[in-house]
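Each protein sequence line maps, in turn, to chains P and R. Throughout the first sequence, residue numbering follows the working numbering, covering 10 to 360 in sequence. Throughout the second sequence, residue numbering follows the working numbering, covering 5 to 561 in sequence.
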Amino acid sequence: MRASDLLKTTPAGLYCAAGDFHIDPLRPVKRALITHGHSDHARAGHEHVLATRETLAIMAARCGADFAGSTQPATYGERIGIDGLTVSFHPAGHVLGSAQIRLEAKGLRVVISGDYKRARDPTCTPFELVPCDVFISEATFGLPVFRHPDAAHEIARLIDSCRLFPERAHLVGAYSLGKAQRIMALLREAGWHKPIYIHGTMEKLTRLYEREGIDLGEIVRVTGPERPRLGGEIIICPPSALQELWSRRFPEPVPAFASGWMRVRARARQRGVELPLVISDHADWDELCETILATGCSELWVTHGEEDALVHWATSQGFAARPLRLIGYGEEEVEPSEPAHPSDQADAAFI
Amino acid sequence: MNRFAELLDRLSFEPSRNNKLRLMTDYFRTTPDPERGYALAALTSALGFQHAKPGLIRALISERVDPTLFYMSYDYVGDLSETVALLWPERAQAWAGSGHNRPPLALSEVVTTLATSGKLDLPRILARWLDALDEIGRWALLKLITGSLRVGVSARLAKTAVGDIGGKEPNEIEEVWHGLAPPYIDLFAWVEGREVRPEASDPAPFRPPMLAHPIEEPDLAALNPEDFSAEWKWDGIRMQVVAGHDAKGKRVLRMFSRTGEENTHAFPDLAEALAQLPAQDFAIDGELLILREHRVQPFSVLQQRLNRKTVSAKHMADFPAHVRAYDLLSLDGEDLRPLAFCDRRKRLEVFVADSNEPRLDLSPIVRFKTWEELAAARADPASAGAEADAAAVEGIMLKRVDSIYVPGRPKGPWYKWKRDPFNVDAVIMYAQRGHGKRSSFYSDYTFGVWRDGESGEELVTIGKAYSGITDEELAQLDRYVRNHTINRFGPVREVEYSRDKGLVLEIAFEGINWSSRHKSGIALRFPRINRIRWDKPAKDADRIGVLERLLRERESA
Numbered sequence: 010m011r012a013s014d015l016l017k018t019t020p021a022g023l024y025c026a027a028g029d030f031h032i033d034p035l036r037p038v039k040r041a042l043i044t045h046g047h048s049d050h051a052r053a054g055h056e057h058v059l060a061t062r063e064t065l066a067i068m069a070a071r072c073g074a075d076f077a078g079s080t081q082p083a084t085y086g087e088r089i090g091i092d093g094l095t096v097s098f099h100p101a102g103h104v105l106g107s108a109q110i111r112l113e114a115k116g117l118r119v120v121i122s123g124d125y126k127r128a129r130d131p132t133c134t135p136f137e138l139v140p141c142d143v144f145i146s147e148a149t150f151g152l153p154v155f156r157h158p159d160a161a162h163e164i165a166r167l168i169d170s171c172r173l174f175p176e177r178a179h180l181v182g183a184y185s186l187g188k189a190q191r192i193m194a195l196l197r198e199a200g201w202h203k204p205i206y207i208h209g210t211m212e213k214l215t216r217l218y219e220r221e222g223i224d225l226g227e228i229v230r231v232t233g234p235e236r237p238r239l240g241g242e243i244i245i246c247p248p249s250a251l252q253e254l255w256s257r258r259f260p261e262p263v264p265a266f267a268s269g270w271m272r273v274r275a276r277a278r279q280r281g282v283e284l285p286l287v288i289s290d291h292a293d294w295d296e297l298c299e300t301i302l303a304t305g306c307s308e309l310w311v312t313h314g315e316e317d318a319l320v321h322w323a324t325s326q327g328f329a330a331r332p333l334r335l336i337g338y339g340e341e342e343v344e345p346s347e348p349a350h351p352s353d354q355a356d357a358a359f360i
Numbered sequence: 005m006n007r008f009a010e011l012l013d014r015l016s017f018e019p020s021r022n023n024k025l026r027l028m029t030d031y032f033r034t035t036p037d038p039e040r041g042y043a044l045a046a047l048t049s050a051l052g053f054q055h056a057k058p059g060l061i062r063a064l065i066s067e068r069v070d071p072t073l074f075y076m077s078y079d080y081v082g083d084l085s086e087t088v089a090l091l092w093p094e095r096a097q098a099w100a101g102s103g104h105n106r107p108p109l110a111l112s113e114v115v116t117t118l119a120t121s122g123k124l125d126l127p128r129i130l131a132r133w134l135d136a137l138d139e140i141g142r143w144a145l146l147k148l149i150t151g152s153l154r155v156g157v158s159a160r161l162a163k164t165a166v167g168d169i170g171g172k173e174p175n176e177i178e179e180v181w182h183g184l185a186p187p188y189i190d191l192f193a194w195v196e197g198r199e200v201r202p203e204a205s206d207p208a209p210f211r212p213p214m215l216a217h218p219i220e221e222p223d224l225a226a227l228n229p230e231d232f233s234a235e236w237k238w239d240g241i242r243m244q245v246v247a248g249h250d251a252k253g254k255r256v257l258r259m260f261s262r263t264g265e266e267n268t269h270a271f272p273d274l275a276e277a278l279a280q281l282p283a284q285d286f287a288i289d290g291e292l293l294i295l296r297e298h299r300v301q302p303f304s305v306l307q308q309r310l311n312r313k314t315v316s317a318k319h320m321a322d323f324p325a326h327v328r329a330y331d332l333l334s335l336d337g338e339d340l341r342p343l344a345f346c347d348r349r350k351r352l353e354v355f356v357a358d359s360n361e362p363r364l365d366l367s368p369i370v371r372f373k374t375w376e377e378l379a380a381a382r383a384d385p386a387s388a389g390a391e392a393d394a395a396a397v398e399g400i401m402l403k404r405v406d407s408i409y410v411p412g413r414p415k416g417p418w419y420k421w422k423r424d425p426f427n428v429d430a431v432i433m434y435a436q437r438g439h440g441k442r443s444s445f446y447s448d449y450t451f452g453v454w455r456d457g458e459s460g461e462e463l464v465t466i467g468k469a470y471s472g473i474t475d476e477e478l479a480q481l482d483r484y485v486r487n488h489t490i491n492r493f494g495p496v497r498e499v500e501y502s503r504d505k506g507l508v509l510e511i512a513f514e515g516i517n518w519s520s521r522h523k524s525g526i527a528l529r530f531p532r533i534n535r536i537r538w539d540k541p542a543k544d545a546d547r548i549g550v551l552e553r554l555l556r557e558r559e560s561a
């Protein structure tokens with residue numbers, strides 16, 4: 010059996026005909042396997058959803074409890090039979106509940122990575138290397154210019170800046186699922202014991218992390234009147250809020266942004282970021298290459314991101330590699346922020 | 005080098021002019037000589053060494069990184085220095101760990117080494133430095149040696165920061181600047197109040213020019229027409245011509261661009277003519293133009309004269325350079341800048357008449373009584389006195405008659421009122437990633453209009469645009485391109501376009517010319533995106549005939 014008999018690309022995303030299911034489908038389907046809770050991968054409206062318990066909880070928090078007709082939780086490592094195939098979920102180290110999906114059919118082992126990283130993250134289960142014949146990888150940062158530094162180093166820069174500018178509020182743009190909570194946990198490890206403030210749209214998922222037993226210290230939702238008093242404090246908000254009126258009520262805000270994209274200066278400048286923090290929840294170039302080699306696969310498919318460079322590298326290393334050119338992933342930056350609490354908007358009109 | 009690299013890094017992310025000033029002033033205040041002087045030289049582009057060629061840097065990286073991966077990375081990052089800084093194999097830690105006691109690389113060491121070392125040694129030296137630096141250091145070093153810092157700091161802003169150390173005005177720095185050389189020990193000593201003012205020994209110094217604010221028709225109502233004098237805004241290049249005598253009494257004539265870069269060598273024909281003028285010392289502010297048979301040629305002709313490394317006699321004869329003067333800043337030792345515009349103008353008229361030099365003429369005054377009258381002149385310069393030169397007019401300059409000549413862009417005394425741009429609705433056909441500010445986004449768009457092809461209606465490219473849109477619109481277009489790619493040619497993506505599918509861009513442009521560069525035979529001047537017409541079907545975009553008609557109308561005018 011060949012991988013191309015098992016999986017093919019359709020307008021809805023990767024589809025497995027033998028099991029009649031899609032993986033991270035882009036539009037509503039009958040059966041969906043979901044790798045993780047980011048909105049470009051986890052969409053509402055499927056009839057049946059199979060995902061880790063944490064991912065299901067995240068989807069319910071984001072889209073409402075009725076996000077799918079029915080759901081089934083998968084435990085890491087559990088082998089699930091679907092129409093003669095064996096399916097299992099394995100930690101991807103990307104965000105809470107994130108998984109790689111392994112398929113086995115007639116001796117052929119395929120692993121779909123979803124989004125993943127190898128760097129340490131205190132808020133989720135570390136990536137597990139799953140040997141396979143065909144590895145289907147993301148390539149968000151699939152260019153050798155992307156080498157993420159140690160996240161602790163970037164957190165130290167943020168804390169230094171707070172000491173250097175104690176009168177200025179430090180607004181850190183971060184995706185509301187995963188990145189925000191990882192920064193909170195890293196700040197605690199670095200000895201930042203003050204309350205960490207959050208934008209209203211981050212509250213739901215942050216509380217969900219806390220309920221999952223992840224200690225983030227004192228997290229305070231910012232209210233309107235206290236904004237002008239938050240000089241020297243760290244406020245985590247969705248990246249889009251950095252440019253909104255909301256941010257201007259803070260004292261001389263320092264716009265910071267935590268993302269792997271911050272490795273490229275123009276990307277930071279394009280967003281008006283003054284303190285770029287290179288912290289990513291995706292594998293960087295070195296991690297992508299190491300992981301591909303370590304899986305022992307002979308064939309590589311690349312789903313989304315900077316696929317051309319990774320395919321070029323893999324081909325030069327003797328892999329059979331091809332880009333899938335799936336469209337619609339990796340757009341977390343443009344995801345509409347969840348509706349803000351009324352008090353987050355109310356006083357914008359006064360400025 | 006570390007502190008300088010940090011300064012550049014912070015400047016590159018700092019949008020506010022005042023904060024940039026603060027960062028630089030703080031750096032100059034706390035960094036010792038000669039390090040800070042070389043930094044000032046770097047920020048004002050005053051370093052004398054031969055800049056390293058991009059080819060050298062490409063060669064170094066190609067020994068270390070797969071060429072295809074380098075190319076893809078460069079295409080994404082959009083900046084050679086930054087790409088190489090990011091790709092360079094990390095060695096700094098290996099150095100620190102292996103017990104090297106080498107002091108950190110100093111900017112002065114870089115500058116002095118580059119000034120003394122030969123071309124052949126450069127790759128070896130550069131590789132050694134890159135190995136010793138971290139990412140920010142590598143980026144700063146590469147920016148420095150390629151001569152393109154691009155951190156949003158003008159030479160003037162850097163001089164302002166130096167002045168701020170000791171409460172000196174930037175113009176005071178400017179006045180002594182041309183007599184100084186890196187590392188500016190005497191300048192810092194003066195600014196810090198430790199030494200007397202350095203001697204300004206430049207016989208033909210550049211004077212920072214006065215610039216105009218843009219104005220639109222509705223804003224004119226608040227102004228009184230009697231307070232203003234109007235001239236055509238010529239579509240050439242701003243030029244300052246300065247003559248003086250050096251210590252030995254030898255005549256010096258220099259020509260400067262708007263930013264103070266000397267370009268005398270590019271116009272030897274003009275320089276030679278102007279050096280013969282009867283006046284001894286003078287400074288003219290004017291426009292560089294190409295005139296043939298007394299007719300001003302369009303900018304596209306001037307462009308052919310520019311950007312030449314060496315100018316042949318034939319080239320000079322085919323493209324004769326002229327100066328059209330609109331201001332006189334000094335004459336025979338007298339600084340005229342404190343005079344009112346109307347008084348300077350009288351002096352200028354006499355000066356040009358006395359000169360009797362065919363390559364120097366006067367920018368004529370456009371007479372008007374009311375703003376309506378001026379609006380009519382702007383709409384139709386040919387009938388309002390510009391006559392055959394109308395094609396080289398890009399609008400109207402308005403100068404308060406009582407305005408003194410102030411360097412910079414003061415609000416109020418001078419305005420530029422540009423002609424309305426032309427518009428065309430075109431269909432996006434190809435896209436490429438941009439450089440600089442918009443790198444890594446698909447931000448350069450090639451677009452076309454409809455024409456009759458062999459097999460029916462087809463699109464023909466008419467130009468390329470990469471500006472005019474907001475960052476948000478850029479993100480939308482980038483996503484559109486990525487989601488509608490039908491072909492890839494290296495870095496170029498072909499997007500979907502047909503009668504039924506395709507995206508229309510409203511393109512604004514300032515002028516139009518025949519051209520052999522585009523298939524359509526037409527080239528637009530200053531094309532930019534006015535609006536994205538998400539609403540407009542591709543088949544309703546304009547046809548080539550619209551542009552051809554416009555071009556013929558312009559020609560017959």
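From the three backbone atoms N, C-alpha and C, an ideal C-beta is built for every residue, glycine too.
At least one C-beta of chain R is nearer than 8 Å to the C-beta of Ile-336 of chain P. Uninterrupted beta strand (DSSP E) stretches at least 3 residues long and entirely within the region 315–400 of chain R occur at 325–335, 364–366, given in chain order. With the criterion set as a beta carbon lying under 9 Å from some beta carbon of chain R, the members of the region 270–281 of chain P are Trp-270, Arg-272, Val-273, Arg-274, Ala-275, Arg-276, Ala-277, Arg-278, Gln-279, Arg-280, Gly-281, in sequence order. For Asp-317 of chain P, the chain R residues whose Cβ falls inside 7 Å of its Cβ are Met-76, in order along the chain. Assignment of Gln-326 of chain P by DSSP, reduced to helix, strand and coil, places it in the coil class. Counting along the chain, His-313 of chain P sits inside the beta strand (DSSP E) bounded by residues 308–314. Taking a contact as a CB-CB distance under 8 Å, the pair Gly-467 of chain R and Pro-531 of chain R counts as one, their CB atoms being some 5 Å apart. Interface residue (Cβ-Cβ distance to chain P less than 8 Å): Pro-71 of chain R is not classified as such. DSSP places Tyr-434 of chain R within a strand segment (E or B) once states are collapsed to three. R:Gly-156 is the residue among R:Gly-156, R:Gly-141, R:Ala-110 whose C-alpha sits nearest the C-alpha of Asn-23 of chain R.
Excluding five sequence positions before and after Glu-212 of chain P, the CB atoms of its chain that fall closer than 7 Å to its own CB belong to Arg-230, given in chain order. Inter-segment contact for the region 322–339 of chain P and the region 11–23 of chain P is present: three or more beta-carbon pairs are separated by less than 8 Å. Boundaries around Asn-487 of chain R are those of the alpha helix (DSSP H), 475–487, since no beta strand (DSSP E) includes it. Our two residues, Ala-148 of chain P and Phe-17 of chain R, have alpha carbons roughly 27 Å apart in a direct line. Among the residues of chain P, those whose CB is under 7 Å from the CB of Gly-82 of chain R are Ala-275, following chain order.
Here Asp-546 of chain R is near Val-428 of chain R, since their CB atoms are less than 8 Å apart. Taking every protein chain shown into account, the CB of His-249 of chain R has fewer than 16 other CB atoms within 10 angstroms, so this residue is exposed. If you look at Gln-109 of chain P, you'll find it in the beta strand (DSSP E) that goes 108–114. Within the region 488–538 of chain R, the complete beta strand (DSSP E) segments of 3 residues or longer fall at 489–493, 496–499, 508–513, 515–518, 526–529, 532–537, listed in chain order.
In the pairwise beta carbon analysis, the region 295–304 of chain P is classified as touching the region 138–154 of chain P: at least three pairs are separated by under 8 Å. Closest option to Ala-193 of chain R, judged by alpha-carbon separation, among R:Gly-41, R:Leu-134, R:Thr-120, R:Phe-323: R:Gly-41.
At a cut-off of 8 Å between beta-carbon atoms, Glu-299 of chain P makes no contact with chain R. Closest option to Arg-191 of chain P, judged by alpha-carbon separation, among P:His-103, P:Leu-138, P:Phe-30, P:Arg-177: P:His-103.
DSSP places Glu-139 of chain R outside any beta strand (DSSP E); the residue lies instead in the alpha helix (DSSP H), whose first and last residues are 139–150. CA-to-CA, the gap between Ser-443 of chain R and Gly-171 of chain R works out to about 39 Å.
Within 8 Å of the CB of Thr-87 of chain R, the CB atoms of chain P belong to Val-154, in sequence order along the chain.
Comparing C-alpha distances from Ala-267 of chain P to each of P:Gly-86, P:Leu-286, P:Gln-279 shows the shortest one belongs to P:Leu-286. Per the C-alpha coordinates, the member of P:Ile-243, P:Gly-327, P:Glu-235, P:His-291 positioned closest to Ser-307 of chain P is P:Gly-327. Contact residues of the region 304–328 of chain P toward chain R are Glu-315, Asp-317, Ala-318, His-321, Trp-322, Ser-325 (C-beta to C-beta distance below 8 Å).
Residues of chain P with a Cβ closer than 7 Å to the Cβ of Arg-211 of chain R do not exist; the shortest Cβ-Cβ separation is about 33 Å. Taking all protein chains shown into account, Ile-61 of chain R has 16 or more neighbouring C-beta atoms within 10 Å of its C-beta and is therefore buried. Beta-carbon to beta-carbon, Asp-289 of chain R and Pro-187 of chain R are separated by about 32 Å, too far to satisfy the 8 Å threshold.
Judged by DSSP in its simplified three-state form, Leu-463 of chain R adopts strand. The criterion of a C-beta distance shorter than 8 Å is satisfied by Ala-265 of chain P and Val-181 of chain P.
Straight across, the Cα-Cα distance linking Ala-344 of chain R with Ile-129 of chain R is about 55 Å.
The alpha carbon of Ala-379 of chain R has as its nearest neighbour, out of R:Lys-422, R:Glu-353, R:Glu-338, R:Pro-417, the alpha carbon of R:Lys-422.
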